[in-house]
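Below is one structure, written out as structure tokens; the observations come after it.
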Amino acid sequence: MTDEIPEALQVRTPAQFKALAHPFRHRLLFALGSGPATISQLATGLGTAKGTVAHHLKVLTEAGMVRPAHTRQVRGGTEQYHERSYRRLVGETVDSETTAAMLGAVADELAGDPDPLLHLRHLRLTPEQAHRLRATLDDLVGDAEEAAPDQPRYGVLVALYRRHDTPSPT
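Listed below in structure tokens is the structure:
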């Protein structure tokens, strides 16, 4: 496809939440972050069967998270390349099952990095401070400049959430 890929995809629909509820689909989305790929390439790279990849790609495509990129003629057939339909996912409301799947996929990614950076800190913030921090983090990640395609890829996960054990401000 020659269409420009949108910067962000707002996760809102039930189909999108369903798509994100499975850890393998996160692995597929991470793999497609490197660029368009065929079912065979994804299956080889992820060490799984082509049928498994095809099934999960279909769910992601129906949710609008993956789209056809282009085709290529090979030995009497046509290879279909798939790509993510966004550069980054944005979502404010995520159910616990989707969050667990997403964090599980990120944990798998972290396991392969010999020197990851991971911070978890709980802060007491006013609603105004939390709003400013959220805007700053969103700008920082959103404005990060991408290097050339031959450079290594890094994952960035940013979360700001209010602890359940904290009373709501009145």
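Taking my numbering, the leading residue of the sequence shown gets 386, the next gets one more, and so forth.
Note that CB positions come from ideal geometry on N, CA and C, so glycine has one too.
Do you know how far the Cα of residue 418 is from the Cα of residue 472?
-> Numbered from its first residue, the sequence shown carries residue 472 at position 87. Numbered from its first residue, the sequence shown carries residue 418 at position 33. Those two C-alpha atoms are separated by around 8 Å.
For the ligand SAH, any of its heavy atoms closer than 7 Å to the Cβ of residue 513?
-> As far as ligands go, the structure on display features none, and thus does not contain the ligand SAH.
Count the other CB atoms within 10 Å of the CB of residue 396; is the residue buried (16 or more) or exposed (fewer)?
-> Within the sequence shown, the letter at position 11 stands for residue 396. That one is buried.
Where residue 559 falls: helix, strand or coil (DSSP) = The structure shown does not extend to residue 559, since the chain is modelled only from 386 through 555, so no value can be given for it.
Same chain, Cβ closer than 6 Å to residue 483, five either side skipped, listed in chain order = By one-based count along the sequence shown, residue 483 stands at place 98. If we look at residue 483 and ignore the five residues flanking it on each side, its Cβ neighbours are 402, 405, 406.
So what does DSSP say about residue 448, is it helix, strand or coil?
-> Residue 448 sits at position 63 when you count from the first residue of the sequence shown. Coil at residue 448, not helix or strand.
Buried or exposed (CB count within 10 angstroms, at least 16 for buried), residue 496 | Your numbering for residue 496 matches position 111 in the sequence shown. It is exposed - the Cβ of residue 496 has fewer than 16 other Cβ atoms within 10 Å.
Can you name the start and end residues of the beta strand (DSSP E) that residue 462 belongs to?
-> Looking up residue 462 in the sequence shown gives position 77. First-last of the beta strand (DSSP E) with residue 462: 462 to 469.
Could you check where the beta strand (DSSP E) with residue 474 kicks off and where it finishes?
-> What you label residue 474 is simply residue 89 of the sequence shown in a count that begins at 1. Start and end: 473 to 475.
Touch check for the stretch 493 to 508 and the stretch 446 to 462: three-plus C-beta pairs under 8 Å?
-> no
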